[in-house]
Each structure stands twice: as C-alpha cells, then as structure tokens.
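>
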Amino acid sequence: MLEQLKKEVYEANMELPRRGLITYTWGNVSGRDAETGYFVIKPSGVDYDALTPDDMVVMDLEGNKIEGKYKPSSDTATHIELYKKYPEIGGIVHTHSPEAVAWAQAGRDIPLYGTTHADYFLGPIPCARNLTTEEINEAYEKNTGMVIIETFEERGINPVYTPAVLCQNHGPFIWGKDAAEAVHNAVVLEEVAKMARNTELINPKVKPAPDNIKEKHFYRKHGENAYYGQ
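The opening position of the sequence shown corresponds to residue 7 in this note's numbering, with each subsequent residue numbered one higher.
#1: May I have a chain-ordered list of the alpha helix (DSSP H) segments no shorter than 4 residues that lie completely inside the stretch 176-219?
#2: G37 and G96 - do their beta-carbons sit closer together than 8 Å?
#3: Do E196 and L11 count as a contact pair if the criterion is CB distance below 8 Å?
#4: Please report the straight-line C-alpha distance between K75 and V63, rounded to a whole angstrom.
#5: Going by alpha carbons, who is nearest to H176 out of A145, T122, R135 and Y16?
#6: Okay, do the stretch 113-132 and the stretch 74-94 touch, 3+ Cβ pairs below 8 Å being the bar?
#7: What are the partner residues of E34, as DSSP defines its beta bridges?
#8: Quick check on this structure: which residue in V107, P93, V189 and E73 has the alpha carbon closest to the alpha carbon of M20?
#9: Could you spell out where the beta strand (DSSP E) holding K71 opens and where it closes?
#10: Would K220 and L57 be called neighbours here (beta carbons separated by less than 8 Å)?
#11: Looking only at C-alpha atoms, which of P216, K48, T139 and L172 sits nearest to I154?
#12: Inspect the beta-carbon positions of K6 and E105 and report whether they are closer than 8 Å.
#13: Between which two residues does the beta strand (DSSP E) holding L172 run?
#14: Which residue wins for smallest C-alpha separation from A18, given the options N164, A145, C133 and A192?
#15: For A110, does the count of other Cβ atoms within 10 angstroms reach 16, so buried, or fall short, so exposed?
#16: Could you give the DSSP three-state label for I163: helix, strand or coil?
#17: Considering only residues of the same chain and omitting the five flanking positions on each side of G51, which have a CB-CB separation below 7 Å?
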C-alpha cells in the first residue's frame with residue numbers, strides 16, 4: 007500500500023547522504039498520506055546503500071505498524087507527535103548534520119542574520135530545552151516531540167513559517183508540506199547554521215537582521231502576496 011508515497015519517502019531519504027546531511031544511518035525522513043492519515047518512514051538502522059522503496063514502513067498515528075518487514079525508525083514517536091499536532095505538516099526529517107548539531111549542542115537558537123535565512127524561516131531557529139530525567143525514562147522519543155511542540159506553543163512560533171527546530175544536545179528536526187520539501191528545508195538549515203557560525207566568527211558583536219529586511223525576504227516567497235518565482 008501507499009507505493010507512490012514509499013517511493014517519495016525513499017527518494018527523500020536517499021537525498022540525505024547525497025547532500026552530506028548524514029553519516030552512516032544518522033537520519034530519517036517520513037511522509038504523510040493525507041487521505042488515510044498513515045505515514046511512511048525509514049526503517050531503523052538499515053544502511054542507506056541497502057535501502058529500497060519496499061523497505062519503507064507504513065505506520066498510523068497511534069504508533070501501530072500497518073505494513074513493513076522492518077521496525078520503523080527509533081524516532082517514529084517524535085514524528086507522530088508532530089503529525090498529530092500540526093496537520094499542515096506532510097513530511098519530517100531528522101538528521102545529525104554537523105553545523106546544525108553544533109548549535110544544538112551549544113543550546114542556542116540560530117539567529118536570523120541575513121536574507122538567506124529569511125527566505126525560508128521567519129525568525130530564529132529555536133532550540134528546545136533538554137528533557138528531564140523523568141521525560142527521558144518515561145518515553146524519550148514521544149517526549150522529544152512534546153518538548154518541540156512546547157517550544158513552539160510557548161514562543162508563539164508558527165511551525166509553517168519556521169519549519170525547523172533544534173533539540174538541545176541532540177540535533178535538528180525539519181518539516182515541510184511533503185518529504186521532499188522537508189529535505190529541501192533541511193539542506194537550507196545546514197547552510198544557514200554554517201553562515202551564522204561564520205558570521206559570529208567574523209563579528210562577535212553582530213546583531214540580527216532588521217525586521218524590515220527579514221519580513222521583505224520571507225513574505226516575497228511565502229503567503230498570499232508572494233511574488234518570487236514563476
């Protein structure tokens with residue numbers, strides 16, 4: 007079932023090593039089917055060189071495996087919480103890409119310093135808090151999703167306009183309207199993270215970009231009055 011979605015999610019997963027976002031099996035992509043509500047995700051710990059579209063695992067939002075010969079990604083419960091909370095999300099990526107992970111390990115938001123960032127994200131990339139010992143022991147992956155949601159709700163961040171988060175001491179989760187867009191946003195996040203680090207090395211006293219620049223560049227590509235592209 008969902009053979010076309012399996013192919014799309016497979017291709018999105020294969021884009022991660024092609025784009026230098028993962029080493030070994032340090033990442034996963036999922037994509038949701040709007041009609042059934044099921045989602046397709048990479049199997050846990052299977053080498054990318056051995057993956058095929060048929061290896062993708064079909065899951066429901068209650069955590070039940072609907073189809074697949076392998077166990078789903080260990081991060082499946084995080085994906086589930088994000089899909090359940092935000093129906094506008096159609097694809098999710100998790101990586102351990104080094105530039106984004108560096109900010110996560112530092113426990114810092116990625117500031118919006120320029121137009122490249124603003125073309126994709128309407129504000130800093132938030133860094134969520136660490137989980138408590140109780141949250142880790144109770145249901146680590148599920149509570150990772152809950153802490154991401156907590157971060158967006160408490161800060162009043164629109165997850166469509168800022169489709170990425172850093173989990174402190176862990177790494178990024180990124181999403182989009184489908185699996186392909188989520189991977190695209192993950193590639194951009196890694197570049198933005200590198201640019202921000204280099205910006206602070208060049209000028210440790212740098213300030214975030216002005217709101218007028220940020221908003222101009224974001225809204226010319228997003229929203230009802232967008233005019234970028236064909």
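Just so you know, even glycine gets a beta-carbon here, dropped at the ideal spot from N, CA and C.
Once the coordinates are examined:
#1: Qualifying alpha helix (DSSP H) stretches, in chain order: 185-208.
#2: yes
#3: no
#4: 7 Å
#5: R135
#6: no
#7: Reading off the sequence, residue 34 comes out as Asn, not Glu. N34 pairs with H100.
#8: V189
#9: Its beta strand (DSSP E) spans residues K71 to E73.
#10: K220 is not a Cβ neighbour of L57, given a cutoff of 8 Å.
#11: L172
#12: Not covered by the structure: residue 6. The range shown for the chain is 7 to 236.
#13: A170 to C173
#14: A192
#15: Buried is the call here.
#16: coil
#17: A distance below 7 Å between beta-carbons, with the five flanking residues on each side excluded, links G51 to the following residues of its chain, in chain order: T31.
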